[in-house]
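**Q**
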Amino acid sequence: PGDITFAVSQNLVTGVTFKNVAASELPPSYTSTDLISNRVRSSVGEVSSLNIDKDIELAQPIILQRNCSGSPQFSRLVIEIGTNSKATVIIENTGKAIIGEEIEIVVSAGAKLNFVTLQEWEPSAIHLGQHHALIAKDGEFNSYVITVGGSVVRLNPTLDFTGQGSSADLSGLYFATSGQHLEHRIHVDHNIANAKSRVNYKGALSGQDARTVWIGDVFIHKGADGTDTYELNRNLLLTDGARADSVPNLEIETGEIVGAGHASTTGRFDDEQLFYLQSRGIPADIARRLVIRGFFAEIVTKLKNEAIEERIMDRIDAELAKVGE
Numbered sequence: 001p002g003d004i005t006f007a008v009s010q011n012l013v014t015g016v017t018f019k020n021v022a023a024s025e026l027p028p029s030y031t032s033t034d035l036i037s038n039r040v041r042s043s044v045g046e047v048s049s050l051n052i053d054k055d056i057e058l059a060q061p062i063i064l065q066r067n068c069s070g071s072p073q074f075s076r077l078v079i080e081i082g083t084n085s086k087a088t089v090i091i092e093n094t095g096k097a098i099i100g101e102e103i104e105i106v107v108s109a110g111a112k113l114n115f116v117t118l119q120e121w122e123p124s125a126i127h128l129g130q131h132h133a134l135i136a137k138d139g140e141f142n143s144y145v146i147t148v149g150g151s152v153v154r155l156n157p158t159l160d161f162t163g164q165g166s167s168a169d170l171s172g173l174y175f176a177t178s179g180q181h182l183e184h185r186i187h188v189d190h191n192i193a194n195a196k197s198r199v200n201y202k203g204a205l206s207g208q209d210a211r212t213v214w215i216g217d218v219f220i221h222k223g224a225d226g227t228d229t230y231e232l233n234r235n236l237l238l239t240d241g242a243r244a245d246s247v248p249n250l251e252i253e254t255g256e257i258v259g260a261g262h263a264s265t266t267g268r269f270d271d272e273q274l275f276y277l278q279s280r281g282i283p284a285d286i287a288r289r290l291v292i293r294g295f296f297a298e299i300v301t302k303l304k305n306e307a308i309e310e311r312i313m314d315r316i317d318a319e320l321a322k323v324g325e
């Protein structure tokens with residue numbers, strides 16, 4: 001297996017650097033118990049490093065593109081954003097991947113990072129990844145995981161709060177079709193007082209043996225007073241033969257919190273909505289598309305990038321066109 005690197009789609013401004021360094025020069029800043037991360041760390045010779053200096057506000061997103069071949073590869077990426085900086089980083093994944101990856105994100109005090117990963121793999125791709133964020137005092141981390149391709153995709157977004165006043169919003173969207181296995185395992189560790197987290201993932205499934213797994217683990221440790229957290233997962237089954245597993249978990253070791261809760265729903269397509277639209281003269285295929293677009297709109301519009309938003313919706317439309325074929 002070989003290392004895999006990214007292509008940067010634009011020239012970077014002063015104060016932003018992207019380079020590959022020897023793995024020994026950039027050791028991990030946290031201890032991992034994940035098998036994929038440990039395999040990546042023992043396998044890669046180089047690490048990709050994206051560094052954003054302090055007090056920088058980027059008007060345009062940084063886009064990292066990765067197009068993989070079908071041979072097994074490993075990748076480790078470290079993203080560091082400096083104190084009081086603001087940026088958006090978008091990772092675009094395409095190709096016939098067999099990839100194990102680790103992405104480590106460090107959000108410094110008062111910084112804000114929007115982090116988007118697009119999984120638009122070819123149907124044969126296998127993608128196993130660990131994404132871990134460390135958020136310092138008054139830092140803000142917003143993660144958007146979009147998975148609409150691949151044969152087997154298993155992503156573990158995890159985060160630790162390292163300073164009070166920090167916050168995180170973890171959002172995700174996935175669409176599984178016949179034979180796909182898409183899995184997202186979220187782990188939020190509240191071990192600091194006065195931190196806030198929100199988790200919101202939505203999925204749709206169509207086709208025989210379409211399978212999704214969503215697990216949301218939120219831990220509020222003793223001493224994490226003032227924690228405010230909520231997690232939600234909703235799944236929409238469009239056809240028979242599809243299966244969605246949804247497991248929200250919440251563990252609380254202190255009663256001095258602002259709020260904590262979770263919810264999970266999995267159901268069939270709403271025929272009443274479809275009938276209503278058809279009664280207004282809208283053809284069935286267009287009505288179905290409108291309902292699904294509405295279901296995902298809450299997640300997609302958070303991206304604040306019209307080109308990416310429309311690209312995702314077009315991909316969803318393409319998957320919907322296969323329903324009933």
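The sequence shown begins at 1 in this note's numbering and counts up one residue at a time.
All C-beta atoms in this analysis are idealised placements derived from N, C-alpha and C, irrespective of residue type, glycine included.
1) Starting from Gln164 and walking both ways along the alpha helix (DSSP H), at which residues does that stretch end?
2) Could you tell me whether the region 85 to 97 touches the region 59 to 69, using the rule of 3 or more Cβ pairs below 8 Å?
3) If you count every other CB in all the chains shown that lies within 10 Å of the CB of Gln10, and 16 or more means buried, which is it?
4) Buried or exposed: where does Phe296 fall if 16 or more other Cβ atoms within 10 Å of its Cβ makes it buried?
5) To the nearest angstrom, report how far apart Asp240 and Gly207 are at their CA atoms.
6) Pull the bridge partners of His221 from the DSSP assignment, please.
7) Beta carbon of Leu50, beta carbon of Phe74: below 8 Å?
8) When the distance is taken between beta carbons, is Ile126 closer than 8 Å to Gly150?
9) Can you tell which of Ser178, Lys54, Ile99, Asp228 has the C-alpha that lies nearest to the C-alpha of Ala244?
10) Tell me, please, whether the region 25 to 42 touches the region 54 to 61 by the rule of three or more beta-carbon pairs shorter than 8 Å.
11) Alpha carbon to alpha carbon, how far is Val78 from Thr88?
12) Counting only the same chain and skipping the five closest in sequence on each side, list residues whose C-beta sits under 7 Å from that of Asp317.
13) Helix, strand or coil for Gly179? Go by DSSP, reduced to three states.
14) Just checking my contact of Gly216 with Tyr174 at CB under 8 Å: how many whole Å lie between their CB atoms?
15) Where does the unbroken beta strand (DSSP E) through Gly261 begin, and where does it stop?
16) Rank Val8, Ala242, Gln119, Gln164 by C-alpha distance to the C-alpha of His184 and give the top, closest one.
17) To the nearest angstrom, how far is the alpha carbon of Ile52 from that of Thr14?
18) If you follow the alpha helix (DSSP H) that Asn38 is part of, which residue opens it and which one closes it?
19) Along the chain, where does the beta strand (DSSP E) that runs through Leu77 open and close?
**A** Here's the rundown:
1) Within the sequence shown, numbered from 1, the residue matching residue 164 stands at position 164. Careful: Gln164 lies outside any alpha helix (DSSP H) and carries neither H nor E.
2) yes
3) Your numbering for residue 10 matches position 10 in the sequence shown. Gln10 comes out exposed.
4) Counting from 1 along the sequence shown, the entry for residue 296 is found at position 296. The residue in question, Phe296, is buried, as its Cβ has 16 or more Cβ neighbours within 10 Å.
5) As a position in the sequence shown, residue 240 is number 240, starting the count at 1. As a position in the sequence shown, residue 207 is number 207, starting the count at 1. If you take the alpha carbons of Asp240 and Gly207, they lie about 7 Å apart.
6) As a first step, residue 221 must be located in the sequence shown, where it is residue number 221. According to DSSP, His221 bridges with nothing at all.
7) Residue 50 sits at position 50 when you count from the first residue of the sequence shown. Residue 74 sits at position 74 when you count from the first residue of the sequence shown. No, they are not a contact pair.
8) Along the sequence shown, read from residue 1 onward, the residue named residue 150 stands at position 150. Along the sequence shown, read from residue 1 onward, the residue named residue 126 stands at position 126. Yes.
9) Position 244 of the sequence shown, counted from the first residue, corresponds to residue 244. The shortest CA-to-CA distance from Ala244 to any of Ser178, Lys54, Ile99, Asp228 is the one to Ser178.
10) no
11) As a working mapping, residue 78 is identified with position 78 in the sequence shown. As a working mapping, residue 88 is identified with position 88 in the sequence shown. Looking at the two C-alpha atoms, the distance is approximately 15 Å.
12) Translated into positions along the sequence shown, residue 317 becomes position 317. Around Asp317: Arg289.
13) The count along the sequence shown starts at 1 and reaches residue 179 at position 179. If DSSP states are grouped into helix, strand and coil, Gly179 belongs with coil.
14) In the sequence shown, residue 216 corresponds to position 216, counting from 1. In the sequence shown, residue 174 corresponds to position 174, counting from 1. The beta-carbon separation of Gly216 and Tyr174, rounded to 14 Å, does not stay under the 8 Å limit for a contact.
15) Numbered from 1 along the sequence shown, position 261 holds the residue referred to as residue 261. Run containing Gly261: 259 to 268, per the beta strand (DSSP E) assignment.
16) As a working note, residue 184 is residue 184 in the sequence shown. Answer by Cα proximity: Gln119.
17) Within the sequence shown, residue 52 is the residue found at index 52, counting from 1. Within the sequence shown, residue 14 is the residue found at index 14, counting from 1. So the alpha carbons of these two residues sit roughly 9 Å apart.
18) Locating residue 38 in the sequence shown gives position 38, where the first residue counts as 1. First-last of the alpha helix (DSSP H) with Asn38: 35 to 43.
19) Position 77 of the sequence shown holds residue 77. That run of the beta strand (DSSP E) goes 72 to 81.
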